[in-house]
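>
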Amino acid sequence: MSSEKLAARRRGVGSGLAFVVSGPSGAGKNTAINRLIAETPSLVYSASHTTRAPRPGEKDGVDYHFVAKDEFARMVERGEFIEHVVYLGDQYGTSKGEMARLAALGLDVVLNIDVVGAQTLRRTGVPGTRLAFVFFAPPSLDRLGERLRARGSESEAAIAERLRVAAREIETLASFDYLVINDTIETAVRELGAIVAAERLRVVA
Ligand code: 5GP
Numbered sequence: 035m036s037s038e039k040l041a042a043r044r045r046g047v048g049s050g051l052a053f054v055v056s057g058p059s060g061a062g063k064n065t066a067i068n069r070l071i072a073e074t075p076s077l078v079y080s081a082s083h084t085t086r087a088p089r090p091g092e093k094d095g096v097d098y099h100f101v102a103k104d105e106f107a108r109m110v111e112r113g114e115f116i117e118h119v120v121y122l123g124d125q126y127g128t129s130k131g132e133m134a135r136l137a138a139l140g141l142d143v144v145l146n147i148d149v150v151g152a153q154t155l156r157r158t159g160v161p162g163t164r165l166a167f168v169f170f171a172p173p174s175l176d177r178l179g180e181r182l183r184a185r186g187s188e189s190e191a192a193i194a195e196r197l198r199v200a201a202r203e204i205e206t207l208a209s210f211d212y213l214v215i216n217d218t219i220e221t222a223v224r225e226l227g228a229i230v231a232a233e234r235l236r237v238v239a
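Okay, here's the thing in structure tokens:
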């Protein structure tokens with residue numbers, strides 16, 4: 035077998051891979067994903083659509099596509115989402131168009147979605163895309179509480195609600211392929227990188 039043929043037996047880069055990263059909000063997922071993408075060739079972030087207001091520093095079209103409720107509802111009606119959820123009163127969705135656009139550019143993508151969305155994708159799949167499911171966890175719920183308070187963007191009541199949601203989210207762990215625990219950001223990014231590398235090295239039939 036020629037070396038080209040042998041190399042083609044690996045899944046490779048830009049072969050329609052999507053890394054679905056889920057887990058409690060505030061666990062450091064965004065920071066870890068941003069660093070992973072900065073150091074991984076041909077891997078990009080697929081920004082979701084949301085009706086929530088931008089937090090300080092968040093950019094439209096980069097962190098999220100921030101849209102009004104009626105615009106989000108129109109997109110739902112037109113069937114433009116692969117999946118969408120209501121999370122703590124705001125709507126979030128992964129658009130088909132964004133995924134298709136990035137795949138056509140030969141890029142693998144990272145989706146940052148909640149566990150309900152991840153379970154939907156696990157069930158339905160995404161045509162032409164190979165999904166790898168990663169649960170990104172804080173070292174403990176106590177540490178998660180500390181991180182949410184340090185972020186300073188939410189009230190105590192909102193933080194308590196996020197911790198309750200986080201406890202429920204951790205119970206869905208068995209439906210994921212990989213577990214990354216964010217003890218230190220360096221280790222978490224290295225482990226995410228190892229998952230990307232392993233998935234790209236998988237043998238294809
Ligand atoms: P945050 O408001 O903290 O940015 O996000 C809240 C939660 O919504 C996070 O767990 C995040 O992963 C999730 N989320 C963001 N975009 C999407 C999406 O398109 N679909 C789903 N199902 N969840 C999302």
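Here my numbering is used: position 149 in the sequence shown is 183, and no number is missing along the way.
The beta-carbon is built from N, C-alpha and C at its ideal position, and this holds for glycine as well.
Going by C-alpha distance, which of Lys39, Gly62 and Val119 is nearest Gly179?
Gly62
> Taking the DSSP output, what are the residues bridged to Ala171?
Ile215
> Given the structure, does Asp104 come close to the ligand 5GP, in the sense that its CB is under 7 Å from one of the ligand's heavy atoms?
no
> The ligand 5GP heavy atoms versus the CB of Asp94: any closer than 7 Å?
no
> DSSP beta-bridge partners for Val120?
Gln125
> List the endpoints of the continuous beta strand (DSSP E) containing Asp104.
Premise fails: Asp104 lies in the alpha helix (DSSP H), Lys103 to Glu111, not in any beta strand (DSSP E).
> For Arg44, which of helix, strand or coil comes out of DSSP?
strand
> Considering Thr84, what are the terminal residues of the alpha helix (DSSP H) in which it resides?
Here Thr84 belongs to no alpha helix (DSSP H); instead the beta strand (DSSP E) covers Ser82 to Thr84.
> Can you give the beta carbon distance from Gly91 to Glu203, rounded, assuming they're within the 8 Å contact cut?
Not really, about 25 Å apart at Cβ, beyond 8 Å.
> Under 7 Å: does the beta carbon of Thr85 sit that close to some heavy atom of the ligand 5GP?
no
> Whole angstroms is fine: what's the gap from Ser129's alpha carbon to Ala41's?
32 Å
> Could you tell me whether the Cβ atoms of Arg196 and Gly60 are closer together than 8 Å?
yes
> Report whether the distance from the Cβ of Asn68 to the nearest heavy atom of the ligand 5GP is below 7 Å.
no
> Thinking Ala52 and Leu145 are a contact (beta carbons under 8 Å), I'd like their distance in whole angstroms, please.
Between the beta-carbon of Ala52 and that of Leu145 there is about 6 Å, and that keeps the pair under the 8 Å contact cut.
> Within 7 Å: the Cβ of Gly151 and any heavy atom of the ligand 5GP?
yes
> Kindly list the residues whose CB is nearer than 6 Å to the CB of Gly151, restricted to its own chain and excluding five residues on each side of it in sequence; keep chain order.
Glu117 and Val119
> Between which two residues does the alpha helix (DSSP H) containing Ala208 stretch?
Careful: Ala208 lies outside any alpha helix (DSSP H) and carries neither H nor E.
> For Ala184 and Glu190, what's the separation of their Cα atoms in angstroms?
Rounded to the nearest whole angstrom, the CA to CA distance from Ala184 to Glu190 is 12 Å.
> Buried or exposed: which applies to Thr158, given that a residue is buried once 16 or more other Cβ atoms fall within 10 Å of its Cβ?
With fewer than 16 Cβ atoms within 10 Å of its Cβ, Thr158 is classed as exposed.
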